[in-house]
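I have placed the structure first, in the form of structure tokens, so that the comments after it can refer back to it.
Numbering (UniProt numbering), first residue to last: 1 to 241.
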């Protein structure tokens with residue numbers, strides 16, 4: 001989420017004219033340190049920040065680095081996560097004038113891990129972008145997120161992984177799995193029963209419940225699909241149990 005917010009901040013500074021020297025390409029990466037707490041993980045501090053920004057050729061490196069630190073890093077990352085040991089790699093290549101497909105080709109679909117959980121959560125392997133809601137690669141991933149957030153919001157667990165499996169031509173999931181990492185007073189079987197009682201995970205029902213036929217997908221083309229409350233799958237459902 002922090003990496004996406006850094007990217008969004010850079011784009012805002014370009015759009016409002018503050019940084020006329022910014023070009024379309026770029027990359028952000030944030031390495032966090034976590035502590036384990038009874039199966040859940042809690043962020044402690046930012047270990048490393050990497051920002052590479054595509055820029056006009058006549059902008060000094062020192063100016064770019066200072067601007068990135070003052071107007072991006074310090075504005076986006078909460079102060080409590082930064083300390084004297086945090087490592088910053090701001091434009092580590094020292095120059096980023098050539099960008100886009102001309103200098104870096106080879107992407108297929110979208111970067112699915114960047115679009116989702118940054119490696120923390122499981123991924124079914126299918127890209128989201130470019131697919132309409134009739135594809136479970138997209139809609140069922142949103143549903144799994146919705147279920148997980150609802151369970152945590154209800155206080156039934158602190159951390160949870162929801163796995164859904166589908167087959168072509170069959171409306172119901174082949175399998176639903178719940179893993180709570182020891183963060184719940186209830187068994188995983190009990191949580192599964194709650195999920196089955198509260199959620200209809202057939203594809204058509206998911207599309208209807210999350211209102212996925214609306215023209216909302218352009219917004220998902222950048223800054224990730226999760227952690228943004230403008231999307232219906234980010235709004236927890238009130239559970240009955």
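Glycine residues also receive a C-beta, built at the ideal position from the N, C-alpha and C atoms.
For clarity, every value in this text was computed on a predicted model and none was experimentally measured.
Exercise. Would you kindly check if the distance between the Cβ of residue 44 and the Cβ of residue 88 is under 9 Å?
Key: Against the chain shown, residue 88 aligns to sequence position 88. Against the chain shown, residue 44 aligns to sequence position 44. For residue 88 and residue 44, no; Cβs fall outside 9 Å.
Practice problem: Could you check what DSSP says for residue 215 in three-state terms: helix, strand or coil? | Solution: Taking the chain shown and counting its residues from 1, one reaches residue 215 at position 215. Three-state DSSP puts residue 215 in coil, outside helix and strand.
Self-check item: Limits of the unbroken alpha helix (DSSP H) element including residue 208
Solution: Reading the chain shown from its first residue, position 208 is the one you call residue 208. From DSSP, the alpha helix (DSSP H) with residue 208 extends over 203-209.
Self-check item: C-alpha distance - residue 168 paired with residue 216, whole-angstrom precision
Solution: Within the chain shown, residue 168 is the residue found at index 168, counting from 1. Within the chain shown, residue 216 is the residue found at index 216, counting from 1. Spanning the two alpha carbons is a distance of roughly 25 Å.
Quiz item: Hey, how far is the Cα of residue 137 from the Cα of residue 165?
Solution: As a working mapping, residue 137 is identified with position 137 in the chain shown. As a working mapping, residue 165 is identified with position 165 in the chain shown. Rounded to whole angstroms, residue 137 to residue 165 spans 10 Å at the Cα level.
Quiz item: Just how far apart, CA to CA, sit residue 170 and residue 203?
Solution: Mapped onto the chain shown, residue 170 falls at position 170. Mapped onto the chain shown, residue 203 falls at position 203. Taking the straight line from one Cα to the other gives about 9 Å.
Quiz item: What is the residue span of the alpha helix (DSSP H) that residue 40 lies within?
Solution: By 1-based counting over the chain shown, the position of residue 40 is 40. Counting along the chain, residue 40 falls outside any alpha helix (DSSP H), though it belongs to the beta strand (DSSP E) covering 40-55.
Self-check item: Residues that residue 164 bridges to, as DSSP identifies them
Solution: Translated into the one-based positions of the chain shown, residue 164 becomes position 164. Beta-bridge pairing links residue 164 to 176.
Self-check item: Touch test, the segment 178-191 against the segment 138-157, Cβ-Cβ under 8 Å, three pairs minimum
Solution: yes
Practice problem: Evaluate the contact criterion for the segment 124-139 versus the segment 191-200: three or more CB pairs, one atom per stretch, below 8 Å. | Solution: no
Quiz item: For residue 212, which of 227, 196 and 231 has the nearest alpha-carbon?
Solution: Here residue 212 refers to the residue found at position 212 when the chain shown is read from its first residue. Closest by alpha carbon: 231.
Quiz prompt | Runs of alpha helix (DSSP H) lying entirely within the segment 84-134, each at least 4 residues, in chain order | solution = 112-115
Quiz prompt | Chain-order list of residues whose beta-carbon lies under 8 Å from that of residue 99 (same chain, five-residue window excluded) | solution = Here residue 99 refers to the residue found at position 99 of the chain shown. Result list for residue 99: 23, 24, 25, 26 and 54, in chain order.
Exercise. In the DSSP assignment, find the unbroken alpha helix (DSSP H) run with residue 193 in it and report its ends.
Key: Taking the first residue of the chain shown as position 1, residue 193 is located at position 193. Where residue 193 is concerned, the enclosing alpha helix (DSSP H) stretches over 188-198.
Quiz prompt | Backbone CA spacing between residue 152 and residue 224 [nearest angstrom] | solution = Along the chain shown, one-based indexing puts residue 152 at 152. Along the chain shown, one-based indexing puts residue 224 at 224. Roughly 21 Å between the two C-alpha positions.
Quiz prompt | Whole-angstrom C-beta distance between residue 76 and residue 15, which should lie under 8 Å | solution = Here residue 15 refers to the residue found at position 15 when the chain shown is read from its first residue. Here residue 76 refers to the residue found at position 76 when the chain shown is read from its first residue. Not quite, the Cβ-Cβ distance comes to about 16 Å (not below 8 Å), so this is no contact.
Quiz item: Anyone know if the C-beta pair for residue 207 and residue 241 falls short of 9 Å?
Solution: The residue labelled residue 207 in the question sits at position 207 within the chain shown. The residue labelled residue 241 in the question sits at position 241 within the chain shown. Taking 9 Å as the Cβ cut-off, residue 207 and residue 241 do not qualify as a contacting pair.
Exercise. May I ask you to report which of helix, strand or coil DSSP gives residue 139?
Key: Counted from its first residue, the chain shown places residue 139 at position 139. Residue 139: helix per DSSP, three-state reduction.
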